[in-house]
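Enquirer: Provided herewith is a single structure, encoded as structure tokens, for subsequent inquiry.
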Amino acid sequence: MYISQIFTKTTKENPAGEVSVNAQLLERGGFVYKNSAGVYTFLPLGWKVAQKITAIIREEMNAIGGQEMFMPALVEKKYLDATGRWDVGVGFKILDKLPVTDSELQVTNFVLGWTHEEVITEMASKFISSYKDLPFSAYQIQTKFRNEPRAKSGLLRGREFMMKDLYSFHTSEEDMLEYYGKVKDAYAKIFERCGLKAYYTVAAGGDFTAENTHEFQVLSEVGEDTIFLCEKCEYAENSEISKLKTGEKCPTRLPDGQECGGDIKEEKSIEVGNIFPLGTKYSDAFNFKFTDEKGGKHSVVMGSYGIGIGRVMGATVEVSHDDKGIIWPDNITPFNVHLVDLTKNGEGKDVYEKLIAKNIEVLYDDRTDKTAGEKFADADLLGCPVRLVVSEKTLKENSVEVKRRAGDEIKLVLIEELERALVR
RNA sequence: CGGGCCGUGGUGUAAUGGUAGCACGAGACGUUUGGGACGUUUUAGUCCGAGUUCGAAUCUCGGCGGCCCGACCA
Numbered sequence: 201m202y203i204s205q206i207f208t209k210t211t212k213e214n215p216a217g218e219v220s221v222n223a224q225l226l227e228r229g230g231f232v233y234k235n236s237a238g239v240y241t242f243l244p245l246g247w248k249v250a251q252k253i254t255a256i257i258r259e260e261m262n263a264i265g266g267q268e269m270f271m272p273a274l275v276e277k278k279y280l281d282a283t284g285r286w287d288v289g290v291g292f293k294i295l296d297k298l299p300v301t302d303s304e305l306q307v308t309n310f311v312l313g314w315t316h317e318e319v320i321t322e323m324a325s326k327f328i329s330s331y332k333d334l335p336f337s338a339y340q341i342q343t344k345f346r347n348e349p350r351a352k353s354g355l356l357r358g359r360e361f362m363m364k365d366l367y368s369f370h371t372s373e374e375d376m377l378e379y380y381g382k383v384k385d386a387y388a389k390i391f392e393r394c395g396l397k398a399y400y401t402v403a404a405g406g407d408f409t410a411e412n413t414h415e416f417q418v419l420s421e422v423g424e425d426t427i428f429l430c431e432k433c434e435y436a437e438n439s440e441i442s443k444l445k446t447g448e449k450c451p452t453r454l455p456d457g458q459e460c461g462g463d464i465k466e467e468k469s470i471e472v473g474n475i476f477p478l479g480t481k482y483s484d485a486f487n488f489k490f491t492d493e494k495g496g497k498h499s500v501v502m503g504s505y506g507i508g509i510g511r512v513m514g515a516t517v518e519v520s521h522d523d524k525g526i527i528w529p530d531n532i533t534p535f536n537v538h539l540v541d542l543t544k545n546g547e548g549k550d551v552y553e554k555l556i557a558k559n560i561e562v563l564y565d566d567r568t569d570k571t572a573g574e575k576f577a578d579a580d581l582l583g584c585p586v587r588l589v590v591s592e593k594t595l596k597e598n599s600v601e602v603k604r605r606a607g608d609e610i611k612l613v614l615i616e617e618l619e620r621a622l623v624r
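Start counting the first sequence at 201; every next residue gets the next number (this note's numbering).
Here you go:
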């Protein structure tokens, strides 16, 4: 892609008032645009990042049998009435009374979906009636709407945000927990592939169930959560339920039966994903039962599992940046390579063509009206993992300068050897 | 929802009751090009409403909006 053709521009100044780094850098780079507090447009660059993240999530969800689908954002009142959640107050309600005739009103009672347990459970109850149909799991990647009293910290807490939500359905608690473990492993892979260190954390049950739930937490000072984390075995508990204290020794039993004994420390963190055992709360609300081998009827046991796409993106920027800009992890970068052309006549275009012919994603700074310093500053801000520089100087040696965004080393590489140099 | 701070061209800011100014950006032309270059030139602003005043960006009230702290966060 040619930088000159991207319709957004980078800015040198931070947006007024923004304190969180992800808000500053993502807006400055033209990844996102804040339309309202907690309401963001994903601009072309940011959308590429979001797509990389969702592609990883899709792969891992599909790998554990999740069936992708797409549910409505408009959720009628009857769904939430079934579980008493219409009045929870999280959702943006749409309560319209349209005059149809002089004497009649057409009343609409909807909420913009903030979670979809009710919607999917009602549908599943229409199709599933036998143990032979279970277990199954389905997910969607969709925009969620939550009437946050206080949107904050850029992409970290929004009123409208993209979320992957997976729901699973089982014949027993044991079967659900087995799948729960698979989701846990899949989530670990997702965050690892996204370049995030996310700690599996025991958390409170919330409204759903008395049981514990689990969260994936990324350490960051801007995080809203506080966790107690063992430095040694990485066991973590959310402070909302934890009885641990800083300086204590970790009581976790290791596989060999010994106490871990590692140091517990308190950390602020960002919740990038969570998994919930739901029990039969939702299936019971919709009278969703299956018939077992002997003809007995039982409630379906459920689980739900969420990942916030924008939060993953925001958290990544929070933990991976320097004073000049973002440092994207290889797997979710908008482009693999940022090619800076310092020649007068766009002579770097040949290099660009060669690289895209090899399926390398290249952001090509073809601008001739910008100074070298401005182009370097943009490359640092936008944060692609590899920066290439083509100039009269390098072309004399049939070479291109290669620099990793995360490092300082600059080396000259022959153009014919460039592809090999980029594959690491 | 409570508290604090705030709202001036596209962006960042100055003007504390008396001429709305500066920088950046953006557009044009030219000179430039290894860390945000230079000249000439053009563009564009006091969130909305009411009030006080001879006069309001500035003071008062209300609304809307933003950031932060807290509460809340299936």
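Think of the CB as a built atom: it goes at the ideal place given N, C-alpha and C, for glycine as much as any other residue. All of these numbers come straight from a predicted model, not from anything done at the bench.
Taking just the CA atoms, how far does LEU356 sit from THR371?
Expert: Position 171 of the first sequence, counted from the first residue, corresponds to residue 371. Position 156 of the first sequence, counted from the first residue, corresponds to residue 356. Distance between the alpha carbons of THR371 and LEU356 is about 36 Å.
Enquirer: Helix, strand or coil for ASN412? Go by DSSP, reduced to three states.
Expert: Within the first sequence, numbered from 1, the residue matching residue 412 stands at position 212. Coil.
Enquirer: For the beta strand (DSSP E) that contains ASN438, what are its first and last residues?
Expert: In the first sequence, the residue the question calls residue 438 occupies position 238. Where ASN438 is concerned, the enclosing beta strand (DSSP E) stretches over 436 to 438.
Enquirer: Starting from the C-beta of ILE427, find all residues in its chain whose C-beta is less than 6 Å away, skip the five residues before and the five after it, and write them out in chain order.
Expert: Counting from one through the first sequence, the residue named residue 427 turns up at place 227. Counting only Cβ-Cβ distances below 6 Å, and skipping sequence neighbours, we find THR401, GLN417, ALA436, ASN438, GLU467, SER469.
Enquirer: Roughly how many whole angstroms lie between the Cα atoms of SER337 and LYS603?
Expert: On the first sequence, residue 337 is found 137 positions in, with the first residue counted as 1. On the first sequence, residue 603 is found 403 positions in, with the first residue counted as 1. Each residue's Cα considered, the two are about 44 Å apart.
Enquirer: Starting from the Cα of SER368, find the closest Cα among GLY354, ARG346, TYR339, GLU360 and give me that residue.
Expert: Against the first sequence, residue 368 aligns to sequence position 168. Considering only alpha carbons, the answer is TYR339.
Enquirer: Give the C-beta separation of GLU360 and VAL275 to the nearest angstrom, bearing in mind that I take them to be a contact with Cβ-Cβ under 8 Å.
Expert: Looking up residue 360 in the first sequence gives position 160. Looking up residue 275 in the first sequence gives position 75. About 15 Å; that fails the 8 Å criterion.
Enquirer: Hey, would you say SER420 sits closer than 7 Å to VAL517, going by beta carbons?
Expert: Counted from its first residue, the first sequence places residue 420 at position 220. Counted from its first residue, the first sequence places residue 517 at position 317. Going by C-beta atoms, SER420 is not nearer than 7 Å to VAL517.
Enquirer: Is the separation between the beta-carbon of GLY525 and that of LEU581 shorter than 7 Å?
Expert: Looking up residue 525 in the first sequence gives position 325. Looking up residue 581 in the first sequence gives position 381. Yes. Within cutoff.
Enquirer: What is the residue span of the alpha helix (DSSP H) that PHE576 lies within?
Expert: Within the first sequence, the letter at position 376 stands for residue 576. It spans 572 to 582 - the alpha helix (DSSP H) in which PHE576 sits, taken as one unbroken run.
Enquirer: Go through its chain and collect everything with a Cβ distance to ASN235's Cβ below 7 Å, but skip five positions before and after it.
Expert: In the first sequence, the residue the question calls residue 235 occupies position 35. Same-chain partners within the cutoff: THR241.
Enquirer: Just to check my reading of the structure: ILE264 and VAL383 have Cβ atoms closer than 8 Å, yes? What is that Cβ distance to the nearest angstrom?
Expert: The sequence position of residue 264 within the first sequence is 64, counting from 1. The sequence position of residue 383 within the first sequence is 183, counting from 1. Their Cβ separation, rounded to whole angstroms, is 7 Å, which keeps ILE264 and VAL383 in contact under 8 Å.
Enquirer: Name the two residues that bound the continuous beta strand (DSSP E) containing PHE327.
Expert: Along the first sequence, read from residue 1 onward, the residue named residue 327 stands at position 127. Looking at the DSSP string, PHE327 is not in any beta strand (DSSP E); the run it does join, the alpha helix (DSSP H), is 317 to 327.
Enquirer: Throw me the rounded Cβ distance for the ILE532 and MET362 pair, which I believe falls under 8 Å.
Expert: One-based indexing of the first sequence puts residue 532 at position 332. One-based indexing of the first sequence puts residue 362 at position 162. Wrong, their Cβ atoms sit about 14 Å apart, outside the cutoff.
Enquirer: Out of LYS611, ALA606, GLY607, state which residue places its alpha-carbon closest to the alpha-carbon of VAL600.
Expert: Here residue 600 corresponds to residue number 400 of the first sequence, with the count starting at 1. Answer by Cα proximity: LYS611.
Enquirer: Apart from the five residues on each side of it in sequence, which residues of its chain come closer than 6 Å, Cβ to Cβ, to GLY423?
Expert: Taking the first residue of the first sequence as 1, we reach residue 423 at position 223. Cβ neighbours of GLY423 beyond the five flanking positions: LYS468, SER469, ILE470.
Enquirer: Taking DSSP's pairing of strands, which residues face ASN309 in a bridge?
Expert: If you number the first sequence from 1, residue 309 lands on position 109. DSSP, once it has assigned bridges, lists LEU295 as partnering ASN309.
Enquirer: Measuring only the C-alpha atoms, how far is GLU561 from LEU555?
Expert: Looking up residue 561 in the first sequence gives position 361. Looking up residue 555 in the first sequence gives position 355. One C-alpha to the other measures close to 8 Å.
Enquirer: Quick check: the Cα distance between LYS489 and GLY266, rounded to an integer number of angstroms?
Expert: The sequence position of residue 489 within the first sequence is 289, counting from 1. The sequence position of residue 266 within the first sequence is 66, counting from 1. Cα to Cα, the separation comes out at about 21 Å.
Enquirer: Exposed or buried, SER330, counting other C-beta atoms within 10 Å across all chains shown (16 or more means buried)?
Expert: Residue 330 sits at position 130 when you count from the first residue of the first sequence. The residue in question, SER330, is exposed, as its Cβ has fewer than 16 Cβ neighbours within 10 Å.
Enquirer: Name the DSSP bridge partner or partners of TYR505?
Expert: By one-based count along the first sequence, residue 505 stands at place 305. DSSP lists LEU366, ILE475 as partners of TYR505.
Enquirer: Please name the residue or residues paired with VAL232 in a DSSP beta bridge.
Expert: Stepping through the first sequence from its first residue, residue 232 is reached at position 32. PHE242, per the DSSP bridge assignment.
Enquirer: Specify the secondary structure class of PHE336 as computed by DSSP and reduced to three states.
Expert: As a working note, residue 336 is residue 136 in the first sequence. Strand, per DSSP.
Enquirer: Going straight from the alpha carbon of LEU444 to that of CYS433, what length do you get?
Expert: Numbered from its first residue, the first sequence carries residue 444 at position 244. Numbered from its first residue, the first sequence carries residue 433 at position 233. Each residue's alpha carbon lies about 15 Å from the other.
Enquirer: Which residues share a DSSP beta bridge with TYR279?
Expert: Sequence index remark: in the first sequence, residue 279 carries index 79 (1-based). Note: TYR279 sits in no beta bridge, so no partner.
Enquirer: So PHE292 and LEU312 are in contact, right, with Cβ under 8 Å, and what is the actual spacing, rounded?
Expert: Along the first sequence, one-based indexing puts residue 292 at 92. Along the first sequence, one-based indexing puts residue 312 at 112. Yes, PHE292 and LEU312 are in contact; Cβ-Cβ is about 4 Å, under 8 Å.
Enquirer: Cβ of THR452 within 7 Å of Cβ of LYS465?
Expert: Within the first sequence, residue 452 is the residue found at index 252, counting from 1. Within the first sequence, residue 465 is the residue found at index 265, counting from 1. Cβ distance not < 7 Å, so THR452 and LYS465 don't count as in contact.
Enquirer: Which partner residues does CYS460 have in the DSSP bridge list?
Expert: As a first step, residue 460 is located in the first sequence; it is residue number 260 there, counting from the start. Beta-bridge pairing links CYS460 to no other residue.
Enquirer: Find out if the Cβ-Cβ distance for the pair ALA579, VAL540 is shorter than 7 Å.
Expert: For this step, residue 579 is matched to residue 379 along the first sequence. For this step, residue 540 is matched to residue 340 along the first sequence. In this structure, VAL540 lies closer than 7 Å to ALA579 by Cβ.
Enquirer: Run through DSSP, which three-state label would LYS389 get?
Expert: In the first sequence, residue 389 corresponds to position 189, counting from 1. It is helical.
Enquirer: To the nearest angstrom, report how far apart HIS521 and ALA606 are at their CA atoms.
Expert: To locate residue 521, count along the first sequence from 1; it is residue 321. To locate residue 606, count along the first sequence from 1; it is residue 406. Approximately 9 Å between the Cα atoms of the pair.
Enquirer: According to DSSP, simplified to helix, strand and coil, what is GLY525?
Expert: Reading the first sequence from its first residue, position 325 is the one you call residue 525. Correct three-state label for GLY525: strand.
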